[in-house]
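**Student:** The numbering used here runs 1 ahead of the 1-based position in the sequence shown.
Pasting a structure below so you can have a look.
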Amino acid sequence: MSIAFLDDSYVPLEEARISPLDRGFLFGDGIYEVIPSYGGKMVGFKPHMHRMRQGLEAIGIELNWSDQKWSELCNQLIQKNGAGNLGIYLHVSRGADTSRFHAFPDGVEPTVFAFTFEIASSPVADKAKVKPFRVSTAEDLRWQRCHIKSTALLGNVLHFQYSYERGHSETLLYNGDNQLTEASACNVFVVKDGSVATPPLDHQKLAGITRFMLLDILSQDGSIPVQERVVTMDEVFDADEVWITSSSKEIAPVVEIDGKPVANGEIGDLWLAAQTLFSANKYNY
Ligand code: PLP
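Here you go:
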């Protein structure tokens with residue numbers, strides 16, 4: 002049975018209970034993070050903490066936990082749950098109020114909840130082993146604050162379900178100007194003529210930690226040109242390679258979009274080069 006953390010104690014996940022008046026439950030009023038950990042080693046702990054703090058500040062939740070305190074919590078959960086391949090889910094809601102009232106309550110302690118779940122083993126740079134993704138596309142119908150890693154994920158859930166019902170594994174999203182934003186739970190990269198591009202950060206996208214690490218790793222290495230710039234959906238359909246990135250997938254190659262192959266429908270060589278570099282550097286963050 003997996004062990005979770007809720008309100009300052011460690012409890013079996015099945016026994017963890019929150020109040021129905023918790024604003025996370027009623028309003029999706031909270032922030033979350035998912036940090037991957039392989040054999041007890043976390044990937045990207047520091048940038049995950051940085052994004053969590055930015056999210057809490059953006060929605061005005063005051064929780065003065067140091068990185069050290071978060072790190073101890075994560076390490077305790079890793080220890081208690083067997084140090085295999087784990088996703089560590091961290092969640093802070095505005096807390097349990099005494100009534101259902103939209104305005105932020107005074108004097109209510111945030112609820113801190115965390116648990117782990119098993120994830121696939123550390124992704125490897127091997128065309129024969131990676132899962133090739135088949136995805137759908139749809140107009141991005143979420144809210145205008147997608148840069149906040151909010152627990153209110155209904156918009157993302159509906160976009161994900163759309164692809165799921167079509168036998169696909171993600172939905173690439175575009176705005177009213179036919180520009181790529183991101184996917185329902187991933188950022189997106191395109192490759193054309195040896196160059197990599199991903200849309201610039203703004204309110205339409207989450208600042209993915211994998212995106213940040215990949216951009217940093219590629220620019221430090223310097224062998225593959227990479228740009229943050231507007232990417233149109235025409236470019237997506239015309240790309241040599243398309244990748245989706247997230248903490249659990251790292252860099253996943255997309256081989257088919259809306260039933261049409263990406264280029265020749267094979268996993269590309271730049272994917273292999275990028276995932277090789279990512280695998281070699283991912284514990285440096
Ligand atoms: N975009 C959205 C909407 C997401 O939900 C996620 C991950 O959950 C990402 C991008 C990728 O972010 P990260 O690389 O930090 O996992």
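Virtual Cβ for every residue (Gly too), placed ideally from N, Cα, C.
Give every residue of the same chain whose Cβ lies closer than 7 Å to the Cβ of V192, excluding the five residues on either side of it in the sequence, and list them in chain order.
**Tutor:** Residue numbering aside, residue 192 sits at position 191 when the sequence shown is read from its first letter. Closer than 7 Å at the Cβ level, and outside the excluded window around V192, lie A240, D241, E242, G269 and L271.
**Student:** Leaving out five residues before and five after I252 in sequence, what residues of the same chain have Cβ atoms less than 7 Å from its Cβ?
**Tutor:** Counting from one through the sequence shown, the residue named residue 252 turns up at place 251. The answer, listed in chain order, is L215, W244, T246, W272, A275, Q276 and F279.
**Student:** Taking the straight line between their C-alpha atoms, what separation do you get for F190 and H51?
**Tutor:** Reading the sequence shown from its first residue, position 189 is the one you call residue 190. Reading the sequence shown from its first residue, position 50 is the one you call residue 51. Those two C-alpha atoms are separated by around 23 Å.
**Student:** Taking contact to mean at least 3 C-beta pairs separated by less than 8 Å, is the region 256 to 265 in contact with the region 39 to 57?
**Tutor:** These segments do not touch.
**Student:** Closer than 7 Å: is that where the CB of I210 sits relative to any heavy atom of the ligand PLP?
**Tutor:** The count along the sequence shown starts at 1 and reaches residue 210 at position 209. Answer for I210: yes, Cβ within range of the ligand PLP.
**Student:** From the DSSP secondary-structure annotation, give me the bridge partner or partners of Y284.
**Tutor:** Counted from its first residue, the sequence shown places residue 284 at position 283. Partner(s): none; Y284 has no beta bridge.
**Student:** Below 8 Å on the Cβ atoms is my guess for P22 versus A97; work out the distance and round it to an integer in Å.
**Tutor:** Residue numbering aside, residue 22 sits at position 21 when the sequence shown is read from its first letter. Residue numbering aside, residue 97 sits at position 96 when the sequence shown is read from its first letter. The sequence given here places Leu at residue 22; Pro does not occur at that position. Between A97 and L22 the Cβ distance is about 5 Å, and since that is below 8 Å, they are a contact.
**Student:** Tell me whether the beta-carbon of I89 lies closer than 8 Å to the beta-carbon of S122.
**Tutor:** For this step, residue 89 is matched to residue 88 along the sequence shown. For this step, residue 122 is matched to residue 121 along the sequence shown. No. Outside cutoff.
**Student:** Run the proximity test for V263: is its beta-carbon closer than 7 Å to any non-hydrogen atom belonging to the ligand PLP?
**Tutor:** Mapped onto the sequence shown, residue 263 falls at position 262. Flag unset: Cβ of V263 not near the ligand PLP.
**Student:** Nearer than 7 Å: is that true of the beta carbon of A186 relative to any heavy atom of the ligand PLP?
**Tutor:** Here residue 186 is taken as the residue at index 185 of the sequence shown, counted from 1. Yes, Cβ of A186 sits closer than 7 Å to a heavy atom of the ligand PLP.
**Student:** Say the cut is 7 Å; is the CB of N176 nearer than that to a heavy atom of the ligand PLP?
**Tutor:** Reading the sequence shown from its first residue, position 175 is the one you call residue 176. Not under cutoff, so the answer is no.
**Student:** Considering only C-alpha positions, which residue in the set T211, R135 and I225 is nearest to D194?
**Tutor:** Numbered from 1 along the sequence shown, position 193 holds the residue referred to as residue 194. The option with the nearest alpha carbon to D194 is I225.
**Student:** Assign N188 to buried or exposed, taking buried as 16 or more other Cβ atoms, counted over all protein chains shown, within 10 Å of its Cβ.
**Tutor:** Position 187 of the sequence shown, counted from the start, is the residue given in the question as residue 188. By the neighbour-count rule (16 or more Cβ atoms within 10 Å), N188 is buried.
**Student:** What does a CB cutoff of less than 6 Å around F114 pick up in its chain, not counting 5 residues either side in sequence?
**Tutor:** For this step, residue 114 is matched to residue 113 along the sequence shown. Result list for F114: L7 and H92, in chain order.
**Student:** If we require 4 or more residues per run, which alpha helix (DSSP H) segments fall completely within the region 46 to 105?
**Tutor:** Entirely contained in the region 46 to 105, the alpha helix (DSSP H) runs reaching 4 residues are, in chain order, 46 to 59 and 68 to 81.
**Student:** Less than 8 Å between the beta carbons of D204 and R146, yes or no?
**Tutor:** Numbered from 1 along the sequence shown, position 203 holds the residue referred to as residue 204. Numbered from 1 along the sequence shown, position 145 holds the residue referred to as residue 146. According to the sequence displayed, residue 204 carries His and not Asp. Result yes, Cβ atoms of H204 and R146 sit closer than 8 Å.
**Student:** Would you please state the rounded distance, in angstroms, between the beta carbons of L207 and H160? I believe it to be under 8 Å.
**Tutor:** Reading the sequence shown from its first residue, position 206 is the one you call residue 207. Reading the sequence shown from its first residue, position 159 is the one you call residue 160. That pair is no contact at about 13 Å.
**Student:** Kindly indicate the opening and closing residues of the beta strand (DSSP E) around E236.
**Tutor:** Start at 1 with the first residue of the sequence shown, and residue 236 comes out as number 235. Careful: E236 lies outside any beta strand (DSSP E), inside the alpha helix (DSSP H) at M234 to D239.
**Student:** The beta strand (DSSP E) with N157 in it runs from where to where?
**Tutor:** As a first step, residue 157 is located in the sequence shown; it is residue number 156 there, counting from the start. Premise fails: N157 lies in the alpha helix (DSSP H), L155 to Y165, not in any beta strand (DSSP E).
**Student:** List the endpoints of the continuous alpha helix (DSSP H) containing T152.
**Tutor:** Looking up residue 152 in the sequence shown gives position 151. Taken as a continuous stretch (DSSP letters only), T152 belongs to no alpha helix (DSSP H), as it is neither H nor E.
**Student:** Return the CA-CA distance between Y175 and D222, expressed in angstroms with no decimal places.
**Tutor:** In the sequence shown, residue 175 corresponds to position 174, counting from 1. In the sequence shown, residue 222 corresponds to position 221, counting from 1. Roughly 30 Å separates the two Cα atoms.
**Student:** Would you grab the beta carbon distance between K47 and Y286 for me? Rounded to a whole angstrom, and I think it's under 8 Å.
**Tutor:** Start at 1 with the first residue of the sequence shown, and residue 47 comes out as number 46. Start at 1 with the first residue of the sequence shown, and residue 286 comes out as number 285. Confirmed, Cβ separation roughly 6 Å.
**Student:** Under a three-way DSSP split, which group does L174 fall into?
**Tutor:** Reading the sequence shown from its first residue, position 173 is the one you call residue 174. Correct three-state label for L174: strand.
**Student:** DSSP on A139, reduced to helix/strand/coil?
**Tutor:** Your numbering for residue 139 matches position 138 in the sequence shown. Strand.
**Student:** For a test of your reading of the model: does the CB of N157 fall under 7 Å from any non-hydrogen atom of the ligand PLP? Yes or no.
**Tutor:** Locating residue 157 in the sequence shown gives position 156, where the first residue counts as 1. Flag set: Cβ of N157 near the ligand PLP.
**Student:** Would you mind reading off the limits of the alpha helix (DSSP H) that contains S215?
**Tutor:** Position 214 of the sequence shown, counted from the start, is the residue given in the question as residue 215. It should be noted that the sequence gives Leu, not Ser, for residue 215. L215 -> alpha helix (DSSP H) spans I210 to D222.
**Student:** Where do the ends of the alpha helix (DSSP H) carrying G31 lie?
**Tutor:** As a first step, residue 31 is located in the sequence shown; it is residue number 30 there, counting from the start. No alpha helix (DSSP H) holds G31; the beta strand (DSSP E) holding it covers G31 to Y39.
**Student:** Out of D178, F105 and G56, which has the shortest C-alpha to C-alpha gap to D141?
**Tutor:** Here residue 141 refers to the residue found at position 140 of the sequence shown. Checking every option, the nearest Cα to that of D141 belongs to D178.
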